[in-house]
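Quick notes on the structure that follows.
Protein chains: 2
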Amino acid sequence: MSEVHAARRSRLRARRAPAGAEAALVSRSANVRYLAGPAPAGAVLLVGHSGADVLFAHWNPAGDPAGPRPAGDDGLRSVALGTDADPAVTAAAQAARDGAAALSVEEHHLTVARHRAVAAAVPDLVLNDLDRAVERQRLVKDEDEIAALRSAAEITDRALGELLESILVGRTERHLALELERRLVDHGADGPAFPTSVATGSHSGLAGHRPTDRRVEEGDFLTVCLGARFRGYRCQIGRTFVIGTSPADWQIELYEVVFAAQRAAREALAPGAEYRSVDRAARDVLDAAGHGKSLGPVTGHGVGLEIGEDPQLAPTAMGRLGPCVPVTVEPGVHLPGRGGVRIDDTLVVRSPADGGPELLTITTKELLAL
Amino acid sequence: MSEVHAARRSRLRARRAPAGAEAALVSRSANVRYLAGPAPAGAVLLVGHSGADVLFAHWNPAGDPAGPRPAGDDGLRSVALGTDADPAVTAAAQAARDGAAALSVEEHHLTVARHRAVAAAVPDLVLNDLDRAVERQRLVKDEDEIAALRSAAEITDRALGELLESILVGRTERHLALELERRLVDHGADGPAFPTSVATGSHSGLAGHRPTDRRVEEGDFLTVCLGARFRGYRCQIGRTFVIGTSPADWQIELYEVVFAAQRAAREALAPGAEYRSVDRAARDVLDAAGHGKSLGPVTGHGVGLEIGEDPQLAPTAMGRLGPCVPVTVEPGVHLPGRGGVRIDDTLVVRSPADGGPELLTITTKELLAL
Numbered sequence: 035m036s037e038v039h040a041a042r043r044s045r046l047r048a049r050r051a052p053a054g055a056e057a058a059l060v061s062r063s064a065n066v067r068y069l070a071g072p073a074p075a076g077a078v079l080l081v082g083h084s085g086a087d088v089l090f091a092h093w094n095p096a097g098d099p100a101g102p103r104p105a106g107d108d109g110l111r112s113v114a115l116g117t118d119a120d121p122a123v124t125a126a127a128q129a130a131r132d133g134a135a136a137l138s139v140e141e142h143h144l145t146v147a148r149h150r151a152v153a154a155a156v157p158d159l160v161l162n163d164l165d166r167a168v169e170r171q172r173l174v175k176d177e178d179e180i181a182a183l184r185s186a187a188e189i190t191d192r193a194l195g196e197l198l199e200s201i202l203v204g205r206t207e208r209h210l211a212l213e214l215e216r217r218l219v220d221h222g223a224d225g226p227a228f229p230t231s232v233a234t235g236s237h238s239g240l241a242g243h244r245p246t247d248r249r250v251e252e253g254d255f256l257t258v259c260l261g262a263r264f265r266g267y268r269c270q271i272g273r274t275f276v277i278g279t280s281p282a283d284w285q286i287e288l289y290e291v292v293f294a295a296q297r298a299a300r301e302a303l304a305p306g307a308e309y310r311s312v313d314r315a316a317r318d319v320l321d322a323a324g325h326g327k328s329l330g331p332v333t334g335h336g337v338g339l340e341i342g343e344d345p346q347l348a349p350t351a352m353g354r355l356g357p358c359v360p361v362t363v364e365p366g367v368h369l370p371g372r373g374g375v376r377i378d379d380t381l382v383v384r385s386p387a388d389g390g391p392e393l394l395t396i397t398t399k400e401l402l403a404l
Numbered sequence: 035m036s037e038v039h040a041a042r043r044s045r046l047r048a049r050r051a052p053a054g055a056e057a058a059l060v061s062r063s064a065n066v067r068y069l070a071g072p073a074p075a076g077a078v079l080l081v082g083h084s085g086a087d088v089l090f091a092h093w094n095p096a097g098d099p100a101g102p103r104p105a106g107d108d109g110l111r112s113v114a115l116g117t118d119a120d121p122a123v124t125a126a127a128q129a130a131r132d133g134a135a136a137l138s139v140e141e142h143h144l145t146v147a148r149h150r151a152v153a154a155a156v157p158d159l160v161l162n163d164l165d166r167a168v169e170r171q172r173l174v175k176d177e178d179e180i181a182a183l184r185s186a187a188e189i190t191d192r193a194l195g196e197l198l199e200s201i202l203v204g205r206t207e208r209h210l211a212l213e214l215e216r217r218l219v220d221h222g223a224d225g226p227a228f229p230t231s232v233a234t235g236s237h238s239g240l241a242g243h244r245p246t247d248r249r250v251e252e253g254d255f256l257t258v259c260l261g262a263r264f265r266g267y268r269c270q271i272g273r274t275f276v277i278g279t280s281p282a283d284w285q286i287e288l289y290e291v292v293f294a295a296q297r298a299a300r301e302a303l304a305p306g307a308e309y310r311s312v313d314r315a316a317r318d319v320l321d322a323a324g325h326g327k328s329l330g331p332v333t334g335h336g337v338g339l340e341i342g343e344d345p346q347l348a349p350t351a352m353g354r355l356g357p358c359v360p361v362t363v364e365p366g367v368h369l370p371g372r373g374g375v376r377i378d379d380t381l382v383v384r385s386p387a388d389g390g391p392e393l394l395t396i397t398t399k400e401l402l403a404l
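Following this line, the structure appears as structure tokens:
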């Protein structure tokens, strides 16, 4: 893996090269992981202008297995800091010693107080904004990253599949969520990609619903939304089921509308498609059915080392999809007091020549009566 | 509860009053919760100079039960924002409209990019630093807060007690951690206060060890560290057990030393005691036994709405304990390749007249052989 990270750092350096002898100070944790691999919390990466990259961190004193090390083949050196040292300040001082004329920092991540401490430590360095360069680089995934997402999705499908074979009536949202998270770990996840949501009855269809002590009852809609984190990569699946043998007419109708909206957005995924046109595809179906207003502001988003990455699939989002961009497609409708439906998938954008969008979360989207 | 929050905001206002018509923009989530009660993620609180306080947030469109509302008896109004609006920018604009001359912001929390957006939105307002005023106010807890911590500790003791009654040999750290977290929730916790740590064999005694697939074996030290979150308040307990009927001599000796160090620090807790003298009390015992070097940089810390609050009990920490300050006391020693011992308690500082330090986590600290 270390060659992968070195290549990513080279690409970042190449992008910043026109700025001259400019080093980059990367502090946002997912960005550090992307460029340097797993690192302790709070680690900061200095991407030097000349190729000498250094990771600064507080390692566990008792000997983290991935502890500090001299520079390897990949040109990355690690330095362990004392408790009181801010890795960002130490990294900036290193950039000055290495002869950088300017230092780009992540102004969307560093606080005002830390930025001031960095500036005070290196008065001769010009501080610029890295301007989300690493986030932009993370948007399109390489095949290693997509493989990790695929494994995360497999684990997630398996955990969900097992739950569907168990008795659900009478159990609380909270317990079902805990059981799903346990099964994710059982099947090899590092942990859940985000807090598992289980919503039954009048809660069903709510985005990001936090599980309560409400019990699953006969006749309920049951919405679950979960995902595994595997080698740092996070996927998402959402499904809605009906409890009992015979769904009510309103349930069948609502399910069909949300399913049609979700399918329309999935089918709109293609290299070159505008973010907002994918959103529009789902929104048009729900608008036509009179449910446009209960749709949230976003119908999907990128996934990767974080669960809510760029791009956003939303009415005002600017930009176009590229190949190898993984996104969720997750429209939902909630009818206050009654419940609702959400259907979420994680897919990778692929060209029609490559078979079109690659569906990672393959659990059936038929309306199952459990 | 709303009177409690209103009184807290009045105290903050009173502290800032010498600064004139200065409003405060509180963005750090635990600080917002402390001053306004539970609020959606990302909510920002404007504490007006004249007593008109407003909470700005993105509420769940499907009708969060604690959704936006007009000002109640407590003088707090809530405003729901559109997706694209930054609550900090909207709050600053409100302060300007309310006639504030200056606005204090949390420079240790706002990023450089957000601070710039706030400044651009209110060019006529002087922006100052709130300088951790809310964190300082949160240091000493009121009896409501201590009652929440007490409940959190009761839940934690119960979850741990149940685990001790089960068979441990052969189970993995990861599974034991998940089971403890499930039991916390079973007994009424909102969730774990921090990621549960279970460390067995050569991992035992490591601070913040992340559970692995290592299984508990006969003869192991087993260290668990967990805590419940209850009404937002977080406590911490850590215990080390020995697996099997007969601990080895080195295990008994190491346990006794860490226990003595932990007791010394607990006994040093009193109103007026220096933070560093509490740390010193534990460190001296371990130094004398030749284990001083394997002690981490901190032997305890405040707890409350966050798990690692002020004060820090560390060699260079400046300040003195006051009554009603809850802290952890958590020395640990890890011997590489062999394992080690941690013993963590949560206590509330009380004067000798009030019976001395109040121990919240009451699970026995005898060396149990399980």
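Residue numbers (the working numbering), protein chains in the order written: chain A, 35 to 404; chain B, 35 to 404.
Every residue, glycine too, gets a C-beta built ideally from N, C-alpha and C.
Source: prediction; values computed, not measured.
If you measure between the beta carbons of LEU202(B) and LEU402(B), is that distance less than 8 Å?
For the purposes of this step, residue 202(B) is taken as the residue at position 168 of the second sequence. For the purposes of this step, residue 402(B) is taken as the residue at position 368 of the second sequence. For LEU202(B) and LEU402(B), no; Cβs fall outside 8 Å.
ASP178(B) by DSSP, collapsed to three states: which one?
Residue 178(B) sits at position 144 when you count from the first residue of the second sequence. DSSP places ASP178(B) in helix when its eight states are reduced to three.
Can you pull the chain E residues whose beta carbon is under 7 Å from the beta carbon of PRO72(B), in chain order?
You won't find chain E in this structure, because its protein chains are A and B.
DSSP puts LEU256(A) in a beta bridge; with which residues?
Position 222 of the first sequence, counted from the start, is the residue given in the question as residue 256(A). The partner list for LEU256(A) (beta bridge, DSSP) reads THR234(A) and PHE275(A).
Coarse secondary structure for PRO345(B), derived from DSSP in three states
Along the second sequence, one-based indexing puts residue 345(B) at 311. Note: PRO345(B) maps to strand in three-state DSSP.
Taking C-alpha atoms, which residue in ASN162(B), ILE341(B), LYS399(B) and ARG354(B) lies nearest to VAL312(B)?
Translated into positions along the second sequence, residue 312(B) becomes position 278. Closest by alpha carbon: ARG354(B).
Helix, strand or coil for THR350(B) per DSSP?
The residue given as residue 350(B) occupies position 316 in the second sequence. Here THR350(B) sits in coil by DSSP.
Answer with yes or no whether the minimum CB distance from PRO331(A) to chain B is below 8 Å.
Translated into the one-based positions of the first sequence, residue 331(A) becomes position 297. So, interface residue.
Looking at C-alpha atoms only, which residue of ARG148(B), LEU369(B), GLY116(B) and GLU177(B) is the closest neighbour of VAL123(B)?
Position 89 of the second sequence, counting from 1, holds the residue named residue 123(B). When only C-alpha atoms are compared, the closest one is ARG148(B).
If you compare alpha carbons, which of PRO74(B), VAL367(B), ASN162(B) and PRO121(B) is closest to PHE137(B)?
Within the second sequence, numbered from 1, the residue matching residue 137(B) stands at position 103. The displayed chain sequence assigns Leu, not Phe, to residue 137(B). When each option's Cα is compared against that of LEU137(B), the closest is ASN162(B).
Closer than 9 Å, Cβ to any Cβ of chain B: which residues of the region 134-158 of chain A, in chain order?
VAL139, GLU140, GLU141, HIS142, HIS143, LEU144, THR145, VAL146, ALA147, ARG148, HIS149 and ARG150
Please confirm if THR124(B) has its CB atom under 8 Å from at least one CB of chain A.
Along the second sequence, one-based indexing puts residue 124(B) at 90. No - not a single Cβ of chain A is within 8 Å of the one on THR124(B).
Could you list which residues in chain A have their beta carbon closer than 9 Å to that of VAL276(B), in chain order?
Your numbering for residue 276(B) matches position 242 in the second sequence. Chain A residues near VAL276(B): none, gap ~19 Å exceeds 9 Å.
Quick check on the burial criterion: 16 or more other C-beta atoms within 10 angstroms. Buried or exposed for LYS327(A)?
By one-based count along the first sequence, residue 327(A) stands at place 293. Label assigned to LYS327(A): exposed.
7 Å Cβ cut-off: residues of chain A touching ARG216(B)
Working through the second sequence from its first residue, we reach residue 216(B) at position 182. LEU212, listed in chain order.
Measuring only the C-alpha atoms, how far is VAL156(B) from GLY76(B)?
Here residue 156(B) is taken as the residue at index 122 of the second sequence, counted from 1. Here residue 76(B) is taken as the residue at index 42 of the second sequence, counted from 1. Going from the Cα of VAL156(B) to the Cα of GLY76(B) covers about 20 Å.
Give a yes or no on whether the minimum CB-CB distance between THR117(A) and chain B is below 8 Å.
Counting from one through the first sequence, the residue named residue 117(A) turns up at place 83. Closer than 8 Å: yes.
Do we get a CB-CB distance below 8 Å when we pair ARG265(B) with the residues of chain A?
Counting from one through the second sequence, the residue named residue 265(B) turns up at place 231. By this cut-off, ARG265(B) is not an interface position.
By the criterion of Cβ-Cβ separation under 7 Å, what are the contact partners of ARG208(B) in chain A?
Here the question's residue 208(B) lines up with position 174 in the second sequence. Those are VAL219, listed as they occur along chain A.
Could you check whether the Cβ of THR145(B) sits closer than 7 Å to any heavy atom belonging to the ligand GTP?
Ligands are entirely absent from the displayed structure, and the ligand GTP is therefore not among its contents.
Check this for me: beta carbons of THR274(A) and SER236(A), under 8 Å apart or not?
Along the first sequence, one-based indexing puts residue 274(A) at 240. Along the first sequence, one-based indexing puts residue 236(A) at 202. No, they are not a contact pair.
Length of the line joining the Cα atoms of ASP283(B) and GLY253(B):
Reading the second sequence from its first residue, position 249 is the one you call residue 283(B). Reading the second sequence from its first residue, position 219 is the one you call residue 253(B). Rounded to the nearest angstrom, the two C-alpha atoms are 12 Å apart.
Identify every residue that forms a DSSP beta bridge with THR380(A).
Residue mapping note: residue 380(A) aligns to position 346 of the first sequence, counting from 1. Answer is THR362(A).
Report the three-state DSSP secondary structure of THR124(B) (helix, strand or coil).
The count along the second sequence starts at 1 and reaches residue 124(B) at position 90. Residue state, collapsed to three classes: helix.
Between PHE293(B) and SER185(B), is the Cβ-Cβ spacing less than 8 Å?
On the second sequence, position 259 is the one that residue 293(B) refers to. On the second sequence, position 151 is the one that residue 185(B) refers to. Their beta carbons are not under 8 Å apart, which means PHE293(B) does not touch SER185(B) by this criterion.
For ALA64(A), I'd like the list of residues in its chain whose CB is within less than 6 Å of its CB, leaving aside the five on either flank, ordered along the chain.
Reading the first sequence from its first residue, position 30 is the one you call residue 64(A). Cβ neighbours of ALA64(A) beyond the five flanking positions: LEU339 and GLU340.
Three-state secondary structure (DSSP) at ALA403(B)?
Position 369 of the second sequence, counting from 1, holds the residue named residue 403(B). In this structure, ALA403(B) counts as strand in the three-state DSSP scheme.
Segment contact, 8 Å Cβ cut-off, at least three pairs: the region 214-225 of chain A with the region 291-311 of chain A:
no
Close Cβ partners of ALA302(A) (< 7 Å) along its chain, the five nearest in sequence each way excluded:
Residue mapping note: residue 302(A) aligns to position 268 of the first sequence, counting from 1. Same-chain partners within the cutoff: SER311, VAL312 and ALA315.
Check ARG150(B) in the structure and name its three-state DSSP category.
Here residue 150(B) is taken as the residue at index 116 of the second sequence, counted from 1. Correct three-state label for ARG150(B): helix.
Would you kindly check if the distance between the Cβ of VAL60(B) and the Cβ of VAL81(B) is under 8 Å?
For the purposes of this step, residue 81(B) is taken as the residue at position 47 of the second sequence. For the purposes of this step, residue 60(B) is taken as the residue at position 26 of the second sequence. Yes, Cβ-Cβ distance for VAL81(B) and VAL60(B) is below 8 Å.
Just reading off the alpha helix (DSSP H) that VAL38(A) is part of, what are its end residues?
Position 4 of the first sequence, counted from the first residue, corresponds to residue 38(A). 36-50 is the extent of the alpha helix (DSSP H) around VAL38(A).
Reduced DSSP category for GLY76(B) - H, G, I as helix; E, B as strand; rest coil:
For this step, residue 76(B) is matched to residue 42 along the second sequence. The answer is coil: DSSP assigns GLY76(B) none of H, G, I, E or B.
DSSP state of PRO95(A) mapped onto helix, strand, coil
Counting from 1 along the first sequence, the entry for residue 95(A) is found at position 61. Note on PRO95(A): pLDDT 49, under 50, position unreliable in the model; no value is reported.
Please state the DSSP three-state secondary structure of GLU308(B).
As a first step, residue 308(B) must be located in the second sequence, where it is residue number 274. Strand at GLU308(B).
Given a cut-off of 8 Å, decide if PRO360(A) and SER385(A) are closer than it, judged by their beta-carbon atoms.
Within the first sequence, numbered from 1, the residue matching residue 385(A) stands at position 351. Within the first sequence, numbered from 1, the residue matching residue 360(A) stands at position 326. Cβ atoms of SER385(A) and PRO360(A): not closer than 8 Å.
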